[in-house]
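Student: Protein chains in written order, with the working numbering: chain A, 323 to 417; chain B, 5 to 435.
The following block contains the structure, expressed as structure tokens.
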Ligand SMILES: Cc1cc2nc3c(=O)[nH]c(=O)nc-3n(C[C@H](O)[C@H](O)[C@H](O)COP(=O)(O)OP(=O)(O)OC[C@H]3O[C@@H](n4cnc5c(N)ncnc54)[C@H](O)[C@@H]3O)c2cc1C
């Protein structure tokens, strides 16, 4: 039985950043130029999801495990992912 | 934090702590800034730690009862698998576990905290929960750093040990954003299992450890491999693949990891274990050609931030330690001369070139691209290995001569030319 990602992420401790450390630079790029939306497929913490009603990528930044891969996954470099400031974000116990 | 330091080290990973310890041992004033709330909070590794390079920073470290080490590695195995079959090669030696052992497994969060304490004991200052956002620059010279809170701190020199996504190397103008072909994504789980069960399942003496790398079906033909390492009371199970290949195939890393867990070779070894943690991290795998310029006025880059990883040998933390130490030695010389200009710091590159770090990465410079360019490499060879083994061990009423002919036919499917090219390409990964 495969363990769903929500359960895996549920094992982690996070210190919530005061605001999102991730933003979509230009949402129209996702809608108009990016049919593949690799961010929704590859992110190891399922941070990115296509919201059909808002026609935009929804960013669950609080799940981010800070691998930094989204900076390169986006073919348009349209994801601005900075590290969360001082001490916030994921806190591994083993690593 | 108002005085000026000889050196600011950004990042408390193996590169940063090796640099800071070496600087402090030589009597230089140095501060380490780490964005995690404690060292290791953000760090993920397999993790195999090679003794030699750490001992060059902390001689006899393995005698420290508090050293955060899991198991000295007695056996290293490679498993080449299809969906339902596998061939294994392993090497086990008691020579590997006599002090000092060749390598240990570690758990990075524990290791990083212990290692950072050693730097503090040597006299380095450490501040955690501090995110460095930018560099202070005057007339092209780097004079210090700016934190995400807007605080400034100045020093004669900055060593960037901020890992694979080095924002500092970018801010210093030494590199642009990495590309998906230049990194691998590794995801991993820590699985709790009794020490006695681990020793039984992996055929180990009490306290000793084993590592297994698995190639083939576990990455669905993508460039990469899965790994299974034994810790004291946990297993580390993970899989890493080139980010560009995951992108092309739209494979979710955690689903790939779940499929590794279900592979018949892995399933038995991890059965009954409990997942304690899931994690993910990038690995710089661009190799020699991705190494950025390593220094500029008042600034040096070490470890993953400088792309110093040799993936074919799963070496990264050792290159980080060596480069951190050599960067520190360069700064110590610069301090003596009172000159932190780029030309004074250029001996850092020569030091790296004179040791295994540069030489190995240079030797391996074509390995990954040749494998990547060879269609179906990680599908054909695992299947071939298993099919040949299958023939060798099957008693099916066919004369052996028929098996031999069949074996030749299997090999010929690759074409002689392709086969020769493939063998040539991987020759340097053999020794
Ligand atoms: C899944 C996986 C398995 C691996 N297995 C092995 C293995 O078995 N053996 C091996 O030798 N290597 C292995 N590696 C590679 C190894 O982990 C790295 O090469 C090594 O950690 C590099 O050390 P580093 O100090 O350069 O960087 P890191 O260990 O990444 O440390 C960088 C530090 O800088 C901090 N930081 C980053 N940005 C900032 C900032 N702006 N301000 C303040 N602090 C910052 C980070 O929080 C972090 O603590 C593996 C890697 C992965 C992902």
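Just so it is clear, CB atoms sit at the ideal spot from N, CA and C, and this is done for glycine as well.
If you're wondering where the values come from, they're calculated on a predicted model, not measured in any experiment.
Heavy atom of ligand 1 less than 8 Å from the Cβ of residue 364/B, yes or no?
Tutor: Because no heavy atom of ligand 1 lies under 8 Å away, the Cβ of residue 364/B does not count as near it: no.
Student: Relative to the C-alpha of residue 289/B, which candidate in 302/B, 38/B, 319/B, 304/B has its C-alpha closest?
Tutor: The option with the nearest alpha carbon to residue 289/B is 319/B.
Student: Going along the chain, which residues of its own chain have a beta-carbon closer than 8 Å to the beta-carbon of residue 229/B, five neighbours each way excluded?
Tutor: So the qualifying residues of the chain are 217, 218, 219, 222, 223, 243, 244.
Student: Check the Cβ of residue 355/A against every Cβ in chain B and list those closer than 9 Å, keeping chain order.
Tutor: By Cβ distance, chain B contributes nothing, its closest Cβ being about 16 Å from residue 355/A, past 9 Å.
Student: Going residue by residue through the segment 246 to 315 of chain B, where are the continuous beta strand (DSSP E) segments of at least 3 residues, counting only ones entirely within it?
Tutor: You should have 278 to 288, 303 to 305.
Student: So with Cβ pairs under 9 Å, would you call residue 193/B a contact of chain A?
Tutor: By this cut-off, residue 193/B is an interface position.
Student: For residue 151/B, name the three-state secondary structure that DSSP assigns.
Tutor: The answer is strand: DSSP assigns residue 151/B an E or B state.
Student: When burial is assigned at 16 or more other CB atoms within 10 Å of the CB, is residue 169/B buried or exposed?
Tutor: When all chains shown are included, residue 169/B counts as buried.
Student: At a cut-off of 8 Å, would you count residue 38/B as near ligand 1, judging by its Cβ distance to the nearest heavy atom?
Tutor: Yes.
Student: Is the shortest distance between the beta-carbon of residue 371/A and the beta-carbons of chain B less than 9 Å?
Tutor: No - not a single Cβ of chain B is within 9 Å of the one on residue 371/A.
Student: Could you check if residue 151/B is buried or exposed, using at least 16 other CB atoms within 10 Å of its CB as the buried criterion?
Tutor: That one is buried.
Student: At which residues does the alpha helix (DSSP H) containing residue 181/B begin and terminate?
Tutor: Here residue 181/B belongs to no alpha helix (DSSP H), and DSSP marks it neither H nor E.
Student: Using only the heavy atoms of ligand 1, determine whether one of them is closer than 8 Å to the beta carbon of residue 34/B.
Tutor: Flag unset: Cβ of residue 34/B not near ligand 1.
Student: According to DSSP, is residue 385/B helix, strand or coil?
Tutor: Of the three classes helix, strand and coil, the one that applies to residue 385/B here is helix, per DSSP.
Student: The beta strand (DSSP E) with residue 77/B in it runs from where to where?
Tutor: 77 to 85 is the extent of the beta strand (DSSP E) around residue 77/B.
Student: For residue 360/B, name the three-state secondary structure that DSSP assigns.
Tutor: Reduced to three states, the DSSP call for residue 360/B is helix.
Student: Residues of chain B with CB closer than 8 Å to the CB of residue 378/A, please, in chain order.
Tutor: By Cβ distance, chain B contributes nothing, its closest Cβ being about 20 Å from residue 378/A, past 8 Å.
Student: What residue does the alpha helix (DSSP H) around residue 328/B start on, and which one ends it?
Tutor: Residues 321 to 341.
Student: Spatial neighbours of residue 129/B within its chain, please: C-beta separation below 6 Å, excluding the five flanking residues on both sides.
Tutor: Answer for residue 129/B: 35, listed in chain order.
Student: Applying a beta-carbon distance threshold of less than 8 Å, which residues of chain B neighbour residue 338/A?
Tutor: Simply none; closest approach about 12 Å.
Student: Quick one, are the C-beta atoms of residue 140/B and residue 158/B less than 9 Å apart?
Tutor: In contact: residue 140/B and residue 158/B (Cβ atoms closer than 9 Å).
Student: By the DSSP assignment, the beta strand (DSSP E) with residue 161/B in it spans what residues?
Tutor: That run of the beta strand (DSSP E) goes 156 to 164.
Student: Tell me, which residues are paired with residue 372/B by DSSP?
Tutor: In DSSP, residue 372/B forms no bridge with anything.
Student: Considering only residues of the same chain and omitting the five flanking positions on each side of residue 145/B, which have a CB-CB separation below 7 Å?
Tutor: Here the set comprises 301, 302.
Student: Kindly indicate the opening and closing residues of the beta strand (DSSP E) around residue 13/B.
Tutor: Looking at the DSSP string, the run of the beta strand (DSSP E) that includes residue 13/B is 9 to 14.
Student: Using 9 Å as the limit for Cβ to Cβ distance, is residue 381/A near chain B?
Tutor: No - not a single Cβ of chain B is within 9 Å of the one on residue 381/A.
Student: So, at 6 Å on beta carbons, what are the nonlocal neighbours of residue 33/B in its own chain, with the 5 sequence-adjacent residues on each side left out?
Tutor: Counting only Cβ-Cβ distances below 6 Å, and skipping sequence neighbours, we find 9, 10.
Student: By Cβ distance below 7 Å, which residues in the same chain neighbour residue 17/B in space, the five residues on each side in sequence not counted?
Tutor: Correct list, in chain order: 47, 116, 165, 167, 307, 324.
Student: Verify whether the separation of the beta carbon atoms of residue 81/B and residue 95/B is less than 9 Å.
Tutor: Going by C-beta atoms, residue 81/B is nearer than 9 Å to residue 95/B.
Student: Label residue 281/B either buried or exposed according to how many other C-beta atoms from any shown protein chain fall within 10 Å of its C-beta, with 16 as the threshold for buried.
Tutor: Burial call: buried.
Student: Are residue 391/A and residue 62/B touching if we call contact CB-CB under 9 Å?
Tutor: Not a contact, by the Cβ cut-off of 9 Å.
Student: Might you give, ordered along the chain, the residues of its own chain that have their beta carbon closer than 7 Å to the beta carbon of residue 448/B, omitting 5 neighbours on each side?
Tutor: Residue 448/B lies beyond the residue range present for chain B, which begins at 5 and ends at 435; the question has no answer from this structure.
Student: On the three-pair Cβ rule with 8 Å, is the segment 396 to 408 of chain A touching the segment 352 to 362 of chain A?
Tutor: Yes, since at least three Cβ pairs between the segment 396 to 408 of chain A and the segment 352 to 362 of chain A fall closer than 8 Å, the two stretches touch.
Student: Confirm the yes/no value for this check: CB of residue 361/B, any heavy atom of ligand 1, distance under 8 Å.
Tutor: Checking every heavy atom of ligand 1 against the Cβ of residue 361/B, none is found closer than 8 Å.
Student: Give the single residue among 237/B, 293/B, 295/B whose Cα lies nearest to the Cα of residue 436/B.
Tutor: Beyond the ends of chain B as shown, which are 5 and 435, falls residue 436/B; an answer cannot be given.
Student: Are any of the Cβ atoms in chain B nearer than 9 Å to that of residue 406/A?
Tutor: True, the Cβ-Cβ gap to chain B drops below 9 Å.
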